[in-house]
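Asks: So the sequence shown is residues -28 to -1, 1 to 645, counted in mature numbering (1 follows the signal peptide of the UniProt record, and there is no 0). We put the CB at the ideal spot given by N, CA and C, even for glycine.
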Amino acid sequence: MKPFIPHPHALAAASALALAALCTSAAAQTSASSAPKKDKADPALPAVLVTDKQETIAGQVSVDTRAPAVAPRMTDGASLLKEIPNMGVVRKGQQAGDPVFRGLGGSRLAITANDQFLYGGCGIRMDTPTSYINPQAYDELVVTKGPQTVLKGPGLVAGAVEFVRHPRVYDKFSTEFDGALSLGSFGYVDAFGDFAAGNPLVSLRAIATRGRSDDYKDGDGNEVRSWYTRKSGSLNLAVTPTRHLRFELFADANRSKAKFASLQLDSGKTDRNSYGAKAEISDINPLLQKLSFETGYSHQDIIMGRQFRGLLAGGNPDRITRNAKASAELAWGANRTTAGLDWYADEHRARRAYTNLARSRSETSNNIGVFLENRMNLGEDRAWVAGLRRDRTRATTYPGFWYGPNAKQRKNRYNLTAAFTRFEFGPRPWHHYVGLGYTQRAPDFWERNRNRDIKPEKSLQLDVGTRYTEGNLRLSGSAFINRINDYILIYKDNPRLNDLAANSFARNISAMRYGFEASADYALPANFKVGGDLAWTWGRNQTDHRPLGQIPPLELRLRAGYETQQASLIGVMRAAARQNRVSVGDGNVNGVDIAPTPGFAVFGVHGHWRFNQHARLNFGIDNIFDRTYAEHLTKAVQTPEFYNGLGLNPNAGSTTRINEPGRSFWVRLDIKF
């Protein structure tokens, strides 16, 4: 079906007018009358699905990973991230989406799961960090915008993504269960179960997930190679001898397989085992509030090849990561200080798949960092927050399968600094912030692969934001301007070819970026709700005087409908403007620009019916009008005629983007007790 293509200027004008009208009308009604009394059984303003997190660090976004309407098709961790304004996902199929925030991804966007750093092992990113994540195996998703903290690890140029599990605490013996079963078009099935039991001394939590999908079809009825199957299990044992002492052991296992439209290669195995321990001592004395210790180990094992096409060939890289962290929280006067150190060591190995050959070491790296972050309460809803971090990173490459037997051992050393300062102020119901952050980022494994002499990035960013919460109205907005010296640009000699066939390189440039996110939600009388989000990012390669690659277009989301705790029916619209500002062949480790992208607008509807306090049925239709469209941040389709028997054909390629799913139906049953 031919897509509806909004003109970017028309979309920008309509977006601004829609949000302005919503905010003006809502603010006028809120200020003209006193806030209506809230019905405890049926709140006037339900929990917003994606919003600034209240009463915490400015510039954070929090998402309930189990809210049924957040992302109807939970294919991997990136499918949930995509619902956050200004967050894009580079699609390869349904699995291994590569998240990009404000036009930056890869190691510029640190990703952790249960406080363990996640990295991919495949040299062409067939296993992105989020491919190991089922969001429903976690309680909360937290995104920190930009370099406004030093507690989340080094190199936060774009920000940090955390998949969080909250500890269970019991006053007496208790059990609890949370689970869901989802069914949808294209053979989509997804289920999870979360069981916990404990008493004041000990608790045990077990989480299991399972999911699969066939190849989906786009709006024209064409199949897109995207089949996958996956499962995961998690165990968490906690011992709390006293109210102030907690010990925790945990283990996670992930298993998945997937087909991709972008490579004509498949992932025959994307496995991860992770183990760790945590200890926490709280309320030690009035000065020393808390001591925290944690350590972890993870092993990722990937088979990349053509095994689903009858040819057992490919590579078998793996990656071993060890990490540890120790921190102390202090309270003195009006100050709350967190100080500590963290460490990780990383080893990448590889071998030819389907052989008994030993793996050869490709690269090792390690990082040790010390950090200090302080929050000073200035009174009258004002605070000053500042942090400083120093890291030492070392990386070594080795001859072998990855770099070739004749390669020479090579060492790189980086000494990195990060710092920020932020002022927060009211008065309520407003909350504003202005922050300035500087961070240096070492080249990652994929960037060093392309240029061993590449320099670290130096990023300076100004962040501003505001939040308003009063009565039936919620508003939030954030904006940034960013200058990056020695920005690491990835470019291809032939952008038509995929990541395996093309030669790609890395070099340092100067880059400039700026953009914003704006959101509004308002509860109308009689339980009707309206809301919307607007996001935009602009980027420029200052060195070559052209657009910065892989920048998403202006995007608008609108939602309106009826909602109570008993039932809801919400209509949604998502529109993206045409993206003409491209630099073909330029980008980052996630992907490169292949061509301008037409705009699109798609519509959907979702709702729920609550049977009782334990059971709720959710349902929805996505892309109601069966539009054919593709995201700007996506890979190109690679079909069999582009390949010879070894999977390579240097004389062919594609600029055809991977289309998104056509009309799809889904239903989900949530059980909780």
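Report the option in R640, A548, P497, D224 whose CA atom is closest to the CA atom of G443.
Replies: Residue P497 is the option with its Cα nearest to G443.
Asks: Whole angstroms is fine: what's the gap from V385's alpha carbon to K231's?
Replies: Note that residue 385 corresponds to Arg in the displayed sequence, not to Val. Cα to Cα, the separation comes out at about 37 Å.
Asks: Of all the options L90, S246, D190, which has the alpha carbon lying nearest to the alpha carbon of G205?
Replies: Among L90, S246, D190, the Cα nearest to that of G205 belongs to S246.
Asks: Check P519 in the structure and name its three-state DSSP category.
Replies: In the structure shown, P519 sits in a strand (DSSP, three-state: E or B).
Asks: Which same chain residues, not among the five before or five after G372, have their C-beta less than 7 Å away from its C-beta?
Replies: Cβ neighbours of G372 beyond the five flanking positions: S332, R333, S334.
Asks: Output the residue ranges of the alpha helix (DSSP H) runs that lie fully inside the segment 154 to 235 and measure 4 residues or longer, sorted by chain position.
Replies: Runs found: none.
Asks: Would you list, in sequence order, the uninterrupted alpha helix (DSSP H) runs of no fewer than 4 residues that lie entirely inside the segment 25 to 89?
Replies: You should have 49 to 53.
Asks: Helix, strand or coil for T102? Go by DSSP, reduced to three states.
Replies: Residue state, collapsed to three classes: helix.
Asks: Helix, strand or coil for N631 per DSSP?
Replies: Note: N631 maps to coil in three-state DSSP.
Asks: So what does DSSP say about R140, is it helix, strand or coil?
Replies: Correct three-state label for R140: coil.
Asks: If you draw a straight line from the alpha carbon of G75 to that of L173, how long is it in whole angstroms?
Replies: Using only the alpha carbons, I get a separation of about 46 Å.
Asks: How many angstroms separate the CA atom of V122 from the CA atom of K297?
Replies: Cα to Cα, the separation comes out at about 13 Å.
Asks: Taking the alpha-carbon positions, what's the G557 to N307 distance?
Replies: Approximately 49 Å between the Cα atoms of the pair.
Asks: Confirm, please, whether the CB-CB distance from K189 to G634 is below 9 Å.
Replies: Yes.
Asks: Please return the same chain residues whose Cβ sits closer than 7 Å to the Cβ of G49, not counting the five positions on each side in sequence.
Replies: Cβ within range, chain order: T102, I105, P107, F135.
Asks: Please state whether the Cβ-Cβ distance between G65 and S228 is less than 9 Å.
Replies: Not in contact: G65 and S228 (Cβ atoms no closer than 9 Å).
Asks: Can you round the beta-carbon distance between A311 and A303 to whole angstroms, since I take them to be within the 8 Å contact cut?
Replies: So it is not a contact: roughly 13 Å between Cβ atoms.
Asks: Out of curiosity, what's the CA-to-CA distance linking Y142 and D192?
Replies: Those two C-alpha atoms are separated by around 53 Å.
Asks: Can you list, in chain order, the residues of its chain whose CB lies under 8 Å from that of H580, leaving out five sequence neighbours each side?
Replies: So the qualifying residues of the chain are P40, A41, A539, S540, R588, L589, N590, F591.
Asks: Quick check on S3: does DSSP put it in helix, strand or coil?
Replies: Confidence at S3 is low in this model, with a pLDDT of 40, below 50, so the placement of that residue should be treated as unreliable; the coordinate-derived value is given next. It is helical.
Asks: Report buried or exposed for E419, applying the criterion of at least 16 other Cβ atoms within 10 angstroms of its Cβ.
Replies: The residue is buried, with at least 16 neighbouring Cβ atoms inside 10 Å.
Asks: Any idea what DSSP makes of A498, helix, strand or coil?
Replies: Note: A498 maps to helix in three-state DSSP.
Asks: From the DSSP output, which residues share a beta bridge with I643?
Replies: DSSP lists G151, A587 as partners of I643.
Asks: L259 to A251, Cα distance in whole Å?
Replies: One C-alpha to the other measures close to 19 Å.
Asks: Quick check on the DSSP output: the beta strand (DSSP E) that includes E345 runs from which residue to which?
Replies: Residues 332 to 351.
Asks: How many whole angstroms separate the CB atoms of D493 and R529, which I take to be in contact at a CB cut-off of 8 Å?
Replies: About 11 Å separates the two Cβ atoms, so there is no contact after all.
Asks: Kindly indicate which three-state DSSP category S636 falls into: helix, strand or coil?
Replies: Correct three-state label for S636: strand.
Asks: Where does N288 sit, in a helix, a strand or coil, going by DSSP?
Replies: Coil.
Asks: Between which two residues does the alpha helix (DSSP H) carrying residue 661 extend?
Replies: Only positions -28 to 645 of the chain appear in the structure, and residue 661 is not among them; the question remains open.
Asks: Whose C-beta lies closer than 6 Å to the C-beta of R184 among residues of the same chain, with five residues either side of it excluded?
Replies: V161, T201.
Asks: Since K297 sits in a beta bridge, which residues does DSSP pair it with?
Replies: Answer is E266, D314.
Asks: Out of R553, N562, D598, point me to the one whose CA is closest to G77's CA.
Replies: G77 has its Cα closest to that of N562, out of R553, N562, D598.
Asks: Would you tell me roughly how many angstroms separate the C-alpha atoms of S555 and E266, rounded to the nearest one?
Replies: Their Cα atoms are separated by approximately 43 Å.
Asks: Quick check: the segment 427 to 436 against the segment 514 to 526, are at least 3 beta-carbon pairs closer than 8 Å?
Replies: The segment 514 to 526, when compared against the segment 427 to 436, does not touch it at the 8 Å Cβ threshold.
Asks: Counting C-beta neighbours from all protein chains within 10 Å, is the total for V639 16 or more, i.e. buried, or is it exposed?
Replies: Classification for V639: exposed.
Asks: Secondary structure at A109, three-state DSSP: helix, strand or coil?
Replies: If DSSP states are grouped into helix, strand and coil, A109 belongs with the helices.
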